[in-house]
Structures are given as structure tokens and as C-alpha cells.
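Student: Throughout the sequence shown, residue numbering follows this note's numbering, covering 1 to 159 in sequence. The beta-carbon is built from N, C-alpha and C at its ideal position, and this holds for glycine as well.
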Amino acid sequence: MQQPATRPAPPPFASPAEALAFVDGLRQTMAELRSVLTEETALVRAARIKAARPFELRKTELSHRYLADLTRLKLHGAALRAHAGPALAGIEAEHEALQEALQVNLAVLATAHAVAEGIIRHVSQTVQARRAPSGYGANGRAHAPAPRAAAPVAVVRSL
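(1) Using the rule of at least 16 other Cβ atoms within 10 Å of the residue's Cβ for burial, across every protein chain shown, is H122 buried or exposed?
(2) Using CA coordinates, which residue listed in A14, L70, D24 and T111 is at the minimum distance from A82?
(3) Measuring straight from C-alpha to C-alpha, what distance separates L57 and L70?
(4) Nearest to A19 by CA position, among A87, I119 and L102, is which residue?
(5) What is the DSSP secondary structure of A138, counted as helix, strand or coil?
(6) In the DSSP assignment, the alpha helix (DSSP H) including S63 goes from what residue to what residue?
(7) Can you tell me whether DSSP reads R34 as helix, strand or coil?
(8) So, for L80: in the same chain, excluding its five sequence neighbours on each side, which residues have a beta-carbon less than 8 Å away from its beta-carbon?
(9) Whole angstroms is fine: what's the gap from Q28's alpha carbon to A93's?
(10) Buried or exposed: L159, going by 16 or more other Cβ atoms within 10 Å of its Cβ?
(11) My understanding is that E112 touches I49, with C-beta atoms under 8 Å, so please give their C-beta distance in whole angstroms.
(12) Can you check which of these residues, E117, I119, A46 and L37, is closest to V104 by C-alpha distance?
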């Protein structure tokens, strides 16, 4: 069995300038990620799923960068506070705003997924109902197709 690759620990902050640059970078990453989440949420709410798809790659990239920055922050928090304590003051509030945007985004995406799934289920049930025999059997009951006799439904995602 192959062991997962472990990444080396991020280096500590060598100087106050490096610590300040890290805090500025973290703030910028959080602001960009919040902006992408907000735009994607607005497009999905407006049922413009195709227009929201390009945000997926950028959102993934920013999320990875954000998680890497959080890892470095957790590992070297004491050194960061020593070098750039006052600059850290607003990070927690910005983190909370990002978490709120993420929660709204996840709720909107989950709703869109549920709606799409419901539409596909309804179409599948309608197709199966049309394929079912409409006559009666010898016992006077309507024929019902076997539950496992359902035919698959193909979905064209490019439309």
C-alpha cells in the first residue's frame, strides 16, 4: 500500500517584513475567495449554472492557497504575533465573513443540486410511466412494470 505524500512544514517567518507580507497575502486570498463565492452564489441563484462554471477552478485554487496559509498560521502563530501582531487584528473578522459567504454558497449549491436531481427524477418517472403497459391483467388489476425493469435515462450535459 502506498503512503500518502507528506508535504514539508511551511517555514517560519524570518523577519517582520515577511510576516506582514504573509498577513497581507492572507487577507488578499480571503477577499478574493469571498468575491468568487459571492459571484458564484449570485449566478447559481439566478439559475445561470453555465455562467458559474468558470469560477470552479479559481475557487479551488484560492481554497488551496487559503488552507495552506491557515496551516502556516497555525504552525507559526506565536512568531507571527511577535512580528506582526497589530496586523492580525482584523483577520478573525475577515475569516468570519468568509465563513458566512461559504455557508451561503454551500446552501445555494445544495439547493441547485436538489432541484436538478428532482427534475431528473421527475423526467425518469414520466418516461417510465409512458413505457408501462396501460391494460388490465386477468385478475382485473392494471399491469405494473417490475421495479427493477426501469430503463436508464441519458442526460446530455452540454445543453
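Tutor: This is what the structure gives:
(1) exposed
(2) A14
(3) 20 Å
(4) A87
(5) coil
(6) F55 to L75
(7) helix
(8) F13, A19, F22, V23, L73 and L88
(9) 14 Å
(10) Note that L159 scores 48 on pLDDT, short of 50, meaning its location in the model is unreliable; the coordinates nonetheless yield the value given after this. Per the 10 Å Cβ criterion, exposed.
(11) Residue identity check: residue 112 is Ala in the sequence provided, not Glu. About 7 Å separates the two Cβ atoms, so the contact holds.
(12) L37
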